[in-house]
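First the structure, in the form of structure tokens, and then the observations on it.
Protein chains: 2
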Amino acid sequence: MPKKRTLPYILLGLIHSNHQLSGYQMMQEFKHEISDFWTASHSQIYPELQRMTDDDWIAPVTSPFNVDTKRNQTFYQLTATGEQVLEDWLREPLTTTNDDLFPLKLFFIDDQQSDLLKPLIAQQLQLSTDRRDYLLGRMATVFPTEAEIQAHYGHYLTLTRGIERESSYVKWLVDLAISLNDIDDSN
Amino acid sequence: MPKKRTLPYILLGLIHSNHQLSGYQMMQEFKHEISDFWTASHSQIYPELQRMTDDDWIAPVTSPFNVDTKRNQTFYQLTATGEQVLEDWLREPLTTTNDDLFPLKLFFIDDQQSDLLKPLIAQQLQLSTDRRDYLLGRMATVFPTEAEIQAHYGHYLTLTRGIERESSYVKWLVDLAISLNDIDDSN
DNA sequence: AATTGCATGTAATAGGTTACATGATTAT
DNA sequence: ATAATCATGTAACCTATTACATGCAATT
Chain W
1 MPKKRTLPYI
11 LLGLIHSNHQ
21 LSGYQMMQEF
31 KHEISDFWTA
41 SHSQIYPELQ
51 RMTDDDWIAP
61 VTSPFNVDTK
71 RNQTFYQLTA
81 TGEQVLEDWL
91 REPLTTTNDD
101 LFPLKLFFID
111 DQQSDLLKPL
121 IAQQLQLSTD
131 RRDYLLGRMA
141 TVFPTEAEIQ
151 AHYGHYLTLT
161 RGIERESSYV
171 KWLVDLAISL
181 NDIDDSN
Chain E
1 MPKKRTLPYI
11 LLGLIHSNHQ
21 LSGYQMMQEF
31 KHEISDFWTA
41 SHSQIYPELQ
51 RMTDDDWIAP
61 VTSPFNVDTK
71 RNQTFYQLTA
81 TGEQVLEDWL
91 REPLTTTNDD
101 LFPLKLFFID
111 DQQSDLLKPL
121 IAQQLQLSTD
131 RRDYLLGRMA
141 TVFPTEAEIQ
151 AHYGHYLTLT
161 RGIERESSYV
171 KWLVDLAISL
181 NDIDDSN
């Protein structure tokens, strides 16, 4: 299977969260808000918007209010199809092969009460736990004694760091899941 | 400037740490040890090894010991040029634009006493601190009150997570730097 | 006998970056 | 005036993934 494209879904999510956006504004979102977990340049965004318009996922809006800003910018809104495509993408379970989708999908869940939130967190918790356990297993097999550590100290440090990283991720996810349940219980 | 390639340097580092390696073994390294921070498939590795041989960074070794394993595999060793190229690459300072090189370079520093270790950690500490502070600034501007959090809860969570991630990275780096200094002092 | 792993290689394609290009507006 | 920012678009190039391909060795 070909590698799944994610850019169009991000653009759908961005437009959804902001009601309507221009290509330039999407660029800014990438620069300021999404830079932490994804990148995209304007030379990717503009052709993609064209394709998405052709596929009827989004539609350009000729804004009548835009007389003041004398700039020629095209705003886009989601079509009904686009809304559905975004929803379907958000509901697709996370997999090992296509990781790092968690922060991206999370980013687009605006509502704390969304029924998408808990399953998403649970899925990432599973992935991160598995990853941590894999790294712990590596540590046990590759560095059984102090001798191996001294022979490949940098390798040892990267493994240590990986385990710390995943452990802290797991902890954050667990704490988040608990806090969300507490909010539910108090209602 | 064109985007800098990193694969050849990783291959140099792998060969360096293991004295000599076959393409297949490098593949295994990617699968088991490096998968945490880099990926490469055999269809990348083999042509790259050819290019590096052409550039005289590495040289194939016709191992006389390989009569038992009846497999036709080519082992590679570093040339003097290759050693130098690797060394130079490891000494290049980390930059914001080409990040995630830290775990990679760290991986190839076998010796705890290497003079490359401390500067590398110091550089990553600077980058991670800057990143954390950037995210903290974003948090302050994008989510000044509870209202904004409720309106874009997922975005808020990703920012929270990013800050936690960088903070834990900073802490790990600081602790590591301290522990390395302690070792020095006791000698 | 059939499957899995070892071992290497090339071709087609997708994805993304850099560079090239244009024109208007706003700030210095 | 000049530079920076807004705003959009295309072309060239590079990188990386998937697929196609081969052949032997070891295991089931």
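For the record, the sequence lines run as chains W and E. According to the UniProt record's numbering, the stretch in the first sequence is residues 1 to 187, in order. According to the UniProt record's numbering, the stretch in the second sequence is residues 1 to 187, in order. Glycine residues also receive a C-beta, built at the ideal position from the N, C-alpha and C atoms. Note that the structure is a prediction, hence the values are computed from the model and not measured.
For residue i and residue j, what's the separation of their Cα atoms in angstroms?
i, j, result
"Thr129 (chain W)", "Phe107 (chain E)", "23 Å"
"Glu166 (chain W)", "Ser17 (chain W)", "29 Å"
"Pro60 (chain W)", "Pro47 (chain W)", "14 Å"
"Trp38 (chain E)", "Asp100 (chain E)", "9 Å"
"Arg5 (chain W)", "Thr97 (chain W)", "13 Å"
"Asp55 (chain E)", "Ser168 (chain W)", "43 Å"
"Leu127 (chain E)", "Gln77 (chain W)", "37 Å"
"Leu116 (chain W)", "Ile109 (chain W)", "8 Å"
"Ser114 (chain W)", "Leu180 (chain W)", "11 Å"
"Glu92 (chain E)", "Asp185 (chain E)", "27 Å"
"Leu157 (chain W)", "Ile178 (chain E)", "14 Å"
"Glu33 (chain W)", "Glu146 (chain W)", "43 Å"
"Ala40 (chain E)", "Lys105 (chain E)", "16 Å"
"Gly23 (chain E)", "Leu94 (chain W)", "32 Å"
"Pro103 (chain W)", "Thr79 (chain W)", "25 Å"
"Val67 (chain E)", "Ile149 (chain W)", "Residue placement at Val67 (chain E) is poorly supported in this model, since its pLDDT is 49, which falls under 50; the coordinates are not used for a value here."
"Ala151 (chain W)", "Gln84 (chain W)", "54 Å"
"Thr160 (chain W)", "Ser35 (chain E)", "14 Å"
"Leu21 (chain E)", "Ile15 (chain E)", "6 Å"
"Leu90 (chain E)", "Glu29 (chain W)", "34 Å"
"His19 (chain W)", "Tyr9 (chain E)", "45 Å"
"Asp88 (chain E)", "Lys31 (chain W)", "31 Å"
"Lys118 (chain E)", "Glu164 (chain W)", "20 Å"
"Leu176 (chain E)", "Asn72 (chain W)", "53 Å"
"Gln112 (chain E)", "Phe143 (chain W)", "15 Å"
"Trp172 (chain E)", "Thr62 (chain E)", "43 Å"
"Ile183 (chain E)", "Asp182 (chain W)", "46 Å"
"Gln25 (chain E)", "Gln25 (chain W)", "46 Å"
Check the Cβ of residue i against every Cβ in chain E and list those closer than 8 Å, keeping chain order.
i, result
"His152 (chain W)", "Ser17, Asp110"
"Asp135 (chain W)", "In the sequence on display, residue 135 (chain W) carries Leu and not Asp. The answer, in chain order, is Asp36."
Under 7 Å, do residue i and residue j count as touching if we go by C-beta distance?
i, j, result
"His42 (chain E)", "Met52 (chain E)", "no"
"Arg135 (chain E)", "Gly154 (chain E)", "According to the sequence as given, residue 135 (chain E) is Leu; it is not Arg. No."
"Leu11 (chain E)", "Leu86 (chain E)", "no"
"Trp57 (chain E)", "Thr81 (chain E)", "yes"
"Arg132 (chain W)", "Val174 (chain W)", "no"
Who are the neighbours of residue i on chain W, taking C-beta pairs under 7 Å?
i, result
"Gly162 (chain E)", "Asp36"
"Phe107 (chain E)", "Gly154, His155, Thr158"
"Pro93 (chain E)", "Here the premise fails: no neighbours, minimum Cβ distance about 17 Å."
Measure how close the beta-carbons of residue i and residue j come, nearest whole angstrom, since I'm counting them as under 8 Å.
i, j, result
"Gln44 (chain E)", "Leu7 (chain E)", "6 Å"
Going along chain W in order, which residues have a C-beta closer than 8 Å to the C-beta of residue i?
i, result
"Ser168 (chain E)", "Glu164, Arg165, Ser168"
Closer than 9 Å by beta-carbon distance: list the chain E residues that pair up with residue i, in chain order.
i, result
"Glu33 (chain W)", "Arg138, Val142, His155, Thr158, Leu159"
"Pro119 (chain W)", "Within chain E, no residue comes near Pro119 (chain W); the closest Cβ sits about 14 Å away, beyond 9 Å."
Report the neighbours of residue i on chain E: residues whose CB is nearer than 7 Å to its CB, in chain order.
i, result
"Trp172 (chain W)", "Arg161, Glu164"
"Pro47 (chain W)", "Here the premise fails: no neighbours, minimum Cβ distance about 20 Å."
Output, in chain order, the set of chain W residues within a Cβ distance shorter than 9 Å of residue i.
i, result
"Pro8 (chain E)", "Those do not exist, as Pro8 (chain E) stays about 19 Å from chain W at its closest Cβ, beyond 9 Å."
"Pro60 (chain E)", "Those within 9 Å of Pro60 (chain E) in chain W number zero; the least Cβ separation is about 25 Å."
Contact the segment 115 to 126 of chain E vs the segment 135 to 147 of chain E: 3+ CB pairs below 8 Å: no
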